[in-house]
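For the sequence shown, the UniProt record's numbering begins at 1 and goes up steadily by one.
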Amino acid sequence: MQTAESFRSELREWLSQAPRPEGLHDYGPTPLDTEMVAARAWHAQLAAAGYACLRWPVEHGGRGASVAEQAIFAEETAYADVPRQLNIVGPDLVGPVLMRYGRPDQQERYLPRIVSGEDMWCQLFSEPDAGSDLAGVRTRARRTDSGWAVDGQKVWTSGGASAEFGILLARTGGPGHGGLSAFVVPMRAAGVEVRPVVQIDGESKFNEVYLTDVRLDDDALIGDEGQGWAVAMMTLGNERLSLGANAVGMFRALGDMAAAAGERGRLGAAQQASLTDLWVRTWILRTTWERAIAEGAEPGDASFSVLKVMASETYRDIGNAGVEMLGLDALVSEDHEPLVQRMLVGHAQTLLGGTSEIQRNILAERLLGLPREPQLTR
């Protein structure tokens with residue numbers, strides 16, 4: 001039986017020899033449109049070597065890997081400065097959902113093309129008035145003679161312009177969790193309009209998606225009607241397996257920051273103390289992540305909410321330290337571009353994948369047994 005460390009050695013050897021498509025770099029969870037050719041070529045190599053969709057069962061094209069091996073894979077690809085897959089949504093989020101809630105025909109149709117990288121998926125959950133509060137989703141799917149008709153608006157959709165399919169959370173019943181259902185949406189269907197959202201760093205990884213009388217067949221429904229909340233919770237829980245890879249990026253950012261501050265003559269005693277504090281916090285994050293993996297924690301466990309808060313707020317504070325250390329002029333300089341990008345997106349980390357406030361609510365209720373917060377009526 002292969003051990004975690006033998007898997008790490010095997011993976012490092014493969015990563016050191018695998019040819020890199022032109023322009024490939026570690027673009028994070030989702031490639032830009034301009035990175036798609038290299039991203040698909042890289043994912044095809046991962047699939048051919050058996051590294052795509054590692055945790056999936058063998059019968060669905062995966063390797064049946066453990067949580068520890070998946071975490072090692074995320075960490076080692078970060079060290080190698082390559083993406084761990086085409087994008088996060090298909091392999092890490094949609095695949096496990098379809099295996100648990102999807103019908104056999106859905107699994108047969110969609111899963112092989114996620115493994116191969118032929119189809120990229122996006123997540124159609126957040127809305128302008130329902131980001132962290134997914135129970136407030138207003139996009140509505142109504143029954144028709146031949147299936148469903150969907151109307152609504154989604155926002156912060158990563159990769160929406162490049163994706164072939166989206167996993168949609170829509171309201172099919174009354175208010176609250178029980179009125180939600182999940183669907184497969186072809187992103188080229190009539191009535192689907194994708195508009196890029198330009199970020200502060202100049203990229204457009206996010207999109208607004210408008211759904212106007214989008215017609216879906218009956219077989220677009222994932223699971224049962226009213227089961228959307230369970231689908232959403234499983235989806236969000238699986239986003240957090242890459243926290244060890246985040247620590248790799250943080251160590252790299254701290255090294256880049258120290259070098260840039262030294263070049264500018266701004267690495268005094270106070271700055272060194274700040275960097276040391278952030279370095280220690282990053283090591284604590286990585287060690288806590290390793291302990292959670294060793295103890296067999298699953299992605300939906302509350303321990304991953306602890307890690308999510310730690311990772312998000314450390315990343316944010318690294319960005320803030322960079323601005324204080326290098327000055328605002330660094331944000332408009334073409335020098336140290338990767339470092340500047342990290343500084344600009346630091347605050348976004350406390351929102352992505354569930355806000356820090358939401359994670360603290362989870363910890364208060366599930367670990368400390370505190371009562372739920374009062375819910376405002378709409």
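Backbone N, C-alpha and C fix where the C-beta goes; we use that ideal spot for every residue, glycine too.
Taking the beta carbon of Arg-378 as the centre, do at least 16 other beta carbons fall within 10 Å, making it buried, or is it exposed?
Looking up residue 378 in the sequence shown gives position 378. With a pLDDT of 49 at Arg-378, under the threshold of 50, the modelled position of this residue cannot be trusted, and the question is left open.
Leaving aside the five residues before and after Ala-78 along the sequence, list all residues of the same chain whose C-beta is less than 7 Å from its C-beta, in chain order.
Taking the first residue of the sequence shown as position 1, residue 78 is located at position 78. If we look at Ala-78 and ignore the five residues flanking it on each side, its Cβ neighbours are Asp-26, Ala-245, Val-248 and Gly-249.
I need the straight-line Cα distance from Asp-119 to Glu-35, nearest angstrom please.
As a position in the sequence shown, residue 119 is number 119, starting the count at 1. As a position in the sequence shown, residue 35 is number 35, starting the count at 1. Rounded to the nearest angstrom, the two C-alpha atoms are 15 Å apart.
To the nearest angstrom, how far is the alpha carbon of Glu-203 from that of Gly-255?
Position 203 of the sequence shown, counted from the start, is the residue given in the question as residue 203. Position 255 of the sequence shown, counted from the start, is the residue given in the question as residue 255. Taking the straight line from one Cα to the other gives about 24 Å.
Have a look at Thr-282, Ala-232, Met-257 and Leu-124 and flag the residue whose alpha-carbon is nearest the alpha-carbon of Glu-208.
Here residue 208 refers to the residue found at position 208 when the sequence shown is read from its first residue. When only C-alpha atoms are compared, the closest one is Leu-124.
Residue range of the alpha helix (DSSP H) that Tyr-51 falls in?
Counting from 1 along the sequence shown, the entry for residue 51 is found at position 51. Neither: Tyr-51 is in no alpha helix (DSSP H) and is coded neither H nor E.
Counting C-beta neighbours from all protein chains within 10 Å, is the total for Pro-128 16 or more, i.e. buried, or is it exposed?
The residue you call residue 128 lines up with position 128 of the sequence shown. Exposed, by the Cβ-count rule.
Going straight from the alpha carbon of Gln-45 to that of Gln-271, what length do you get?
Here the question's residue 45 lines up with position 45 in the sequence shown. Here the question's residue 271 lines up with position 271 in the sequence shown. For Gln-45 and Gln-271, the distance between alpha carbons rounds to 42 Å.
If you run the structure through DSSP and keep just helix, strand and coil, what is Arg-378?
For the purposes of this step, residue 378 is taken as the residue at position 378 of the sequence shown. Residue placement at Arg-378 is poorly supported in this model, since its pLDDT is 49, which falls under 50; the coordinates still yield a value, given next. DSSP places Arg-378 in coil when its eight states are reduced to three.
What did DSSP end up calling Val-185 once you bin it into helix, strand or coil?
Counting from 1 along the sequence shown, the entry for residue 185 is found at position 185. Note: Val-185 maps to strand in three-state DSSP.
List the whole-angstrom C-beta distance separating Leu-339 from Met-257, where the pair is believed to meet the contact cut-off of C-beta under 8 Å.
Here residue 339 corresponds to residue number 339 of the sequence shown, with the count starting at 1. Here residue 257 corresponds to residue number 257 of the sequence shown, with the count starting at 1. Contact flag correct, Cβ pair sits at about 6 Å.
Could you give the residue range of the beta strand (DSSP E) that holds residue 434?
Residue 434 lies beyond the residue range present for the chain, which begins at 1 and ends at 378; the question has no answer from this structure.
Going by the DSSP bridge assignment, what does Ile-167 pair with across the sheet?
Residue 167 sits at position 167 when you count from the first residue of the sequence shown. Ile-167 pairs with Gln-123 and Val-184.
Indicate the three-state DSSP secondary structure (helix, strand or coil) for Glu-76 in the structure shown.
What you label residue 76 is simply residue 76 of the sequence shown in a count that begins at 1. The answer is helix: DSSP assigns Glu-76 an H, G or I state.
For a quick check, are the C-beta atoms of Met-343 and Gly-319 less than 8 Å apart?
Counted from its first residue, the sequence shown places residue 343 at position 343. Counted from its first residue, the sequence shown places residue 319 at position 319. Contact flag set, yes.
Should Arg-360 be labelled buried (16 or more other beta-carbon atoms within 10 Å of its own) or exposed?
Counted from its first residue, the sequence shown places residue 360 at position 360. Label assigned to Arg-360: exposed.
Less than 8 Å between the beta carbons of Asp-167 and Val-97, yes or no?
Sequence index remark: in the sequence shown, residue 167 carries index 167 (1-based). Sequence index remark: in the sequence shown, residue 97 carries index 97 (1-based). According to the sequence shown, residue 167 is Ile rather than Asp. Yes, Cβ-Cβ distance for Ile-167 and Val-97 is below 8 Å.
Pick from Arg-100, Gly-90 and Ala-80: whose alpha carbon is nearest that of Pro-29?
Residue mapping note: residue 29 aligns to position 29 of the sequence shown, counting from 1. Considering only alpha carbons, the answer is Gly-90.
Given this structure, state the Cα-to-Cα distance separating Glu-295 from Ile-222, to the nearest angstrom.
Here residue 295 refers to the residue found at position 295 of the sequence shown. Here residue 222 refers to the residue found at position 222 of the sequence shown. Rounded to the nearest angstrom, the two C-alpha atoms are 32 Å apart.
Mapping DSSP to helix, strand and coil, what is Asp-129?
Walking along the sequence shown from the start, residue 129 turns up at place 129. Reduced to three states, the DSSP call for Asp-129 is coil.
Restricting to Cα atoms, I'd like to know which of Ser-356, Thr-355, Ala-364 and Ser-312 is closest to Gly-346.
One-based indexing of the sequence shown puts residue 346 at position 346. Among Ser-356, Thr-355, Ala-364 and Ser-312, the Cα nearest to that of Gly-346 is on Ser-312.
If Phe-206 sits next to Val-197, beta carbons under 8 Å apart, how far is it from one beta carbon to the other, in whole angstroms?
The residue you call residue 206 lines up with position 206 of the sequence shown. The residue you call residue 197 lines up with position 197 of the sequence shown. Right, their Cβ atoms sit about 4 Å apart.
Are three or more beta carbon pairs between the stretch 78-88 and the stretch 39-54 nearer than 8 Å?
The stretch 78-88 vs the stretch 39-54: in contact.
Could you tell me the distance, in whole angstroms, from the CA atom of Tyr-110 to the CA atom of Asn-87?
As a working mapping, residue 110 is identified with position 110 in the sequence shown. As a working mapping, residue 87 is identified with position 87 in the sequence shown. Distance between the alpha carbons of Tyr-110 and Asn-87 is about 15 Å.
Would you please state the rounded distance, in angstroms, between the beta carbons of Trp-121 and Ala-220? I believe it to be under 8 Å.
Taking the sequence shown and counting its residues from 1, the one referred to as residue 121 is at position 121. Taking the sequence shown and counting its residues from 1, the one referred to as residue 220 is at position 220. Not a contact, Cβ separation roughly 14 Å.
Return the bridge partner residues of Pro-196 from the DSSP annotation.
As a working note, residue 196 is residue 196 in the sequence shown. Partner(s): Asn-207.
Tell whether a beta-carbon distance below 8 Å holds between Val-67 and Ile-293.
If you number the sequence shown from 1, residue 67 lands on position 67. If you number the sequence shown from 1, residue 293 lands on position 293. It is a contact, given that the beta carbons lie within the stated cut-off.
Quick one: grab the DSSP three-state call for Ala-247.
Along the sequence shown, read from residue 1 onward, the residue named residue 247 stands at position 247. Residue state, collapsed to three classes: helix.
Going by beta-carbon coordinates alone, are Ser-181 and Gly-228 separated by less than 8 Å?
For the purposes of this step, residue 181 is identified with residue 181 of the sequence shown, where counting begins at 1. For the purposes of this step, residue 228 is identified with residue 228 of the sequence shown, where counting begins at 1. Yes.
If you follow the beta strand (DSSP E) that Arg-143 is part of, which residue opens it and which one closes it?
Against the sequence shown, residue 143 aligns to sequence position 143. Unbroken beta strand (DSSP E) run through Arg-143: 140-143.
Under a Cβ-count criterion, where at least 16 other Cβ atoms within 10 Å of its own Cβ denotes burial, should Glu-357 be classed as buried or exposed?
Counting from 1 along the sequence shown, the entry for residue 357 is found at position 357. Glu-357 comes out exposed.
Identify, in the order they occur along the chain, each residue of the same chain with its Cβ nearer than 6 Å to the Cβ of Ala-141, setting aside the five sequence neighbours on each side.
In the sequence shown, counting from the first residue as 1, residue 141 sits at position 141. Closer than 6 Å at the Cβ level, and outside the excluded window around Ala-141, lie Trp-148, Val-150, Ala-170 and Thr-172.
Three-state secondary structure (DSSP) at Val-221?
Within the sequence shown, the letter at position 221 stands for residue 221. Going by the sequence as given, residue 221 is Leu instead of Val. Three-state DSSP puts Leu-221 in a strand.
Measure the CB-CB distance between Phe-73 and Tyr-51 and report whether it falls below 8 Å.
Indexing the sequence shown from 1 puts residue 73 at position 73. Indexing the sequence shown from 1 puts residue 51 at position 51. Cβ atoms of Phe-73 and Tyr-51: closer than 8 Å.
Alpha carbon to alpha carbon, how far is Val-231 from Gly-160? Give it in angstroms, no decimals.
Locating residue 160 in the sequence shown gives position 160, where the first residue counts as 1. Locating residue 231 in the sequence shown gives position 231, where the first residue counts as 1. Spanning the two alpha carbons is a distance of roughly 20 Å.
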